[in-house]
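Trainee: Read in order, the letters of the sequence shown are residues 2 to 102 in the working numbering.
From the three backbone atoms N, C-alpha and C, an ideal C-beta is built for every residue, glycine too.
Quantities reported herein were computed from a predicted structural model and do not represent experimental measurements.
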Amino acid sequence: SSGGKKAKKKWSAKKVKDKSNNMVVLDKQTYERVFKEVPTYKFISQSVLVDRLRLNGSLARVAIRELEDQGVIRRITRHASQVIYSKIMFYYAHIDKPLLN
């Protein structure tokens, strides 16, 4: 029989994921950043806030709920574990001009 024995598989070689150091409590700077930046995002979800603002998941959910209550963002769809929001487009017009041309 030609060919050598196959090398034994090593089970200990695993990739180690870096531990994320996300915020648990909002400081004033991040709070202002949430209300300034997030309404400009085209796609808003819990995972987007966690990724971009380094918040933890529960803090991101609370921030999103607050933004929705203020009417700054609108819900697009709701799934059991994922809620997707989008920014609201504001149209400014002079009083004497029609809103849509």
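Using alpha carbons as the reference points, say which of L50, I65, L56 lies closest to N23.
Mentor: Cα-wise, what sits closest to N23 is L56.
Trainee: In terms of residues, what are the limits of the beta strand (DSSP E) holding Y86?
Mentor: Counting along the chain, the beta strand (DSSP E) containing Y86 begins and ends at 84-88.
Trainee: At the level of alpha carbons, what is the spacing between S13 and R76?
Mentor: Near 44 Å, if we compare the C-alpha coordinates of R76 and S13.
Trainee: Take the Cβ of Q30 as the centre, count every other Cβ of all protein chains shown within 10 Å, and call the residue buried at 16 or more, exposed below.
Mentor: So Q30 counts as exposed.
Trainee: Can you give the beta carbon distance from I85 to V73, rounded, assuming they're within the 8 Å contact cut?
Mentor: About 15 Å; that fails the 8 Å criterion.
Trainee: Run through DSSP, which three-state label would L48 get?
Mentor: Looking at the sequence itself, residue 48 is Ser, so the reference to Leu does not match. Reduced to three states, the DSSP call for S48 is helix.
Trainee: Can you check DSSP and say which residues form a bridge with R53?
Mentor: Partner(s): none; R53 has no beta bridge.
Trainee: Closer than 8 Å by C-beta to T41: which residues in its own chain qualify, once you throw out the five before and the five after it? Chain order, please.
Mentor: The residues are K88.
Trainee: Terminal residues of the continuous beta strand (DSSP E) containing T78?
Mentor: Run containing T78: 74-79, per the beta strand (DSSP E) assignment.
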